[in-house]
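Please read the structure below before turning to the comments.
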Amino acid sequence: MKRPYIEIDLNKIAHNASKLKEIWGEAGIDVMGITKVNLGEPHIAQTLVDSGITLLGDSRIEDIIRMKKAGIDANFCLIRTPFLSDIKRVVRYTDISLNTEFRVIKALNKEAIKQQKRHKVILMVEMGDRREGILPGDLHNEVKRILELPNIELEGIGANFACFGGIKPNQEKMSYLSLLTDTIEQQFGTKLSVISGGNSANFIWLQEGGRPGRVNNVRLGESIFLGVETLYRHPIEGLHQDAFKIVAEVIEVKRKPSLPTGELALNAFGETPNFEDRGIIPRAILGLGREDVAIDGLTPQIDVDILGGSSDHMILDAKQSGLKVGDTVTFLPNYSALLAAMTSPFVHKKFMTSSCNL
Ligand SMILES: *Cc1c(COP(=O)(O)O)cnc(C)c1O
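Right under this line is the structure:
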């Protein structure tokens, strides 16, 4: 396999996906699998579908088109409010979209009429995290106008947490979302089918005995792929944290002083570097850089320290590892490193299926 590469263990992903589906399912909550971190990579999407997740969400219409063209048999939800400039593709390729702007929903309706389709929308409610969402006080008026649109179905409401504002999805927020659901249903004599309570950050709420009320859906990405909840990035018991591994090759090893010599200015990224004096150390350079991954988001699987990196190089204190030119070093990525690695054309994608021992 050409290096660097990312090794993707489809069995571990399948295990995490079915386990999470089971855990959430016990509380009456269905899982929407969020594929954006993998750019809708079809092997991974198929693995989610095979694990029983039949509704896939992605923030990029291009990813959804990629999955559909690869023949992934699922329902697709666009989870970022559609661009007014891209309504045609949203109606053509998705079944549902998350929305917050009436102008956009009106345009979806107009296009759906043209395409002789019905398009489902989930209205996102702003519940404190201060990213997308309709303010609860404006919900009544928005719902009223939306229900008048002939080719739009109001599928439900949802909220997002722990993204922009870092606000926890707790029982108070979930109960409030349930109350909003009941209120809309009573006021308009309509039934909302999807109440989407959040993302991987909702795990602790559930685990601590969360009462779902009307909440019957969560949108999960990171907890499926990395096996962690996302308030504190704690591992979820019984899940794999190593479904993805990044492997890079050593291209130089030399003993060098740990401190640079000469006049200090800004580095390649406009930062003033700061170095710890470790004396003379074995320094290994890997052929892996910021053009491939988020260096800060990698955890090496052997005892070495990451000293930093530039576009194309990562510098390690090789310590007692005995690393030689041509050796490989394996890292576990966090979500940002995974996102970057899946996005970089320089990181080759290697699929494997381990025998699962959890
Ligand atoms: C990315 C995203 C998610 C998934 O979040 P995870 O933390 O990966 O579970 C859910 N909802 C929306 C709107 C998103 O953009």
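Residue numbers (my numbering): 110 to 467. Backbone N, C-alpha and C define an ideal beta-carbon position, used for all residues, glycine too.
Tell me whether residue 288 is buried or exposed, calling it buried when 16 or more other Cβ atoms sit within 10 Å of its Cβ. Sequence index remark: in the sequence shown, residue 288 carries index 179 (1-based). A residue is called buried when at least 16 other Cβ atoms come within 10 angstroms of its Cβ; residue 288 does not meet this threshold and is exposed.
One question on the structure: do residue 339 and residue 310 come within less than 7 Å of each other, judged by their Cβ atoms? Here residue 339 refers to the residue found at position 230 when the sequence shown is read from its first residue. Here residue 310 refers to the residue found at position 201 when the sequence shown is read from its first residue. Contact: yes.
When you compare only the Cα positions, how much space is there between residue 275 and residue 174? Numbered from 1 along the sequence shown, position 166 holds the residue referred to as residue 275. Numbered from 1 along the sequence shown, position 65 holds the residue referred to as residue 174. Their backbone Cα atoms lie some 31 Å apart in a straight line.
Pick helix, strand or coil for residue 239, following the three-state DSSP scheme. Counted from its first residue, the sequence shown places residue 239 at position 130. Correct three-state label for residue 239: coil.
Given 6 Å as the limit, tell me if residue 339 has its C-beta closer than that to any heavy atom belonging to ligand 1. The residue given as residue 339 occupies position 230 in the sequence shown. For ligand 1, a non-hydrogen atom lies closer than 6 Å to the CB of residue 339.
Which runs of the beta strand (DSSP E) fall wholly inside the segment 312 to 385 and span at least 3 residues, in chain order? Those beta strand (DSSP E) runs which fall completely within the segment 312 to 385 and span 3+ residues are 326 to 329 and 353 to 366.
In or out: residue 265 buried (at least 16 other Cβ within 10 Å) or exposed? Residue 265 sits at position 156 when you count from the first residue of the sequence shown. Here residue 265 is buried. Its C-beta has 16 or more other C-beta atoms within 10 Å.
For residue 208, does the three-state DSSP call read helix, strand or coil? Residue numbering aside, residue 208 sits at position 99 when the sequence shown is read from its first letter. In the structure shown, the three-state DSSP call for residue 208 is strand.
For residue 388 and residue 429, I'd like the C-alpha separation in whole angstroms. Looking up residue 388 in the sequence shown gives position 279. Looking up residue 429 in the sequence shown gives position 320. The alpha-carbon atoms of residue 388 and residue 429 are separated by roughly 15 Å.
Can you determine whether any heavy atom of ligand 3 sits closer than 6 Å to the C-beta of residue 286, and answer yes or no? Questions concerning ligand 3 fall outside what the structure shown contains, since the ligands it does hold are ligand 1.
Would you mind sorting residue 147 into buried or exposed? The rule is 16 or more other CB atoms within 10 Å of its CB. The residue labelled residue 147 in the question sits at position 38 within the sequence shown. Residue 147 comes out buried.
If you drop the 5 nearest sequence neighbours on each side, which residues of the same chain put their C-beta closer than 6 Å to that of residue 366? Residue numbering aside, residue 366 sits at position 257 when the sequence shown is read from its first letter. So the list reads 389, once near-sequence residues are dropped.
Please name the residue or residues paired with residue 139 in a DSSP beta bridge. Start at 1 with the first residue of the sequence shown, and residue 139 comes out as number 30. Answer by DSSP bridge pairing, in chain order: 326.
In terms of alpha-carbon separation, which member of 420, 212 and 316 lies closest to residue 138? What you label residue 138 is simply residue 29 of the sequence shown in a count that begins at 1. Proximity to residue 138 across 420, 212 and 316 peaks at 316, based on C-alpha coordinates.
Return yes when the C-beta of residue 328 is under 6 Å from any heavy atom of ligand 1, and no when it is not. On the sequence shown, position 219 is the one that residue 328 refers to. At a threshold of 6 Å, residue 328 counts as near ligand 1, since its beta carbon sits closer than that to one of the ligand's heavy atoms.
Check whether the Cβ atoms of residue 391 and residue 440 lie closer than 7 Å to each other. The residue labelled residue 391 in the question sits at position 282 within the sequence shown. The residue labelled residue 440 in the question sits at position 331 within the sequence shown. Cβ distance not < 7 Å, so residue 391 and residue 440 don't count as in contact.
Where the beta strand (DSSP E) containing residue 228 begins and where it ends: In the sequence shown, residue 228 corresponds to position 119, counting from 1. Taken as a continuous stretch (DSSP letters only), the beta strand (DSSP E) holding residue 228 covers 228 to 233.
Which stretch, first to last residue, makes up the alpha helix (DSSP H) that contains residue 464? Here the question's residue 464 lines up with position 355 in the sequence shown. Premise fails: residue 464 is in no alpha helix (DSSP H) and is neither H nor E.
Closer than 6 Å to a non-hydrogen atom of ligand 1 - does that hold for the CB of residue 168? Your numbering for residue 168 matches position 59 in the sequence shown. Ligand 1 has a heavy atom closer than 6 Å to the beta-carbon of residue 168.
Where do the N-terminal and C-terminal ends of the beta strand (DSSP E) with residue 423 fall, by residue? To locate residue 423, count along the sequence shown from 1; it is residue 314. From DSSP, the beta strand (DSSP E) with residue 423 extends over 423 to 426.
Just to confirm before moving on: does the CB-CB distance between residue 213 and residue 245 stay below 7 Å? As a position in the sequence shown, residue 213 is number 104, starting the count at 1. As a position in the sequence shown, residue 245 is number 136, starting the count at 1. Judged by their CB atoms, residue 213 and residue 245 are not nearer to each other than the 7 Å cut-off.
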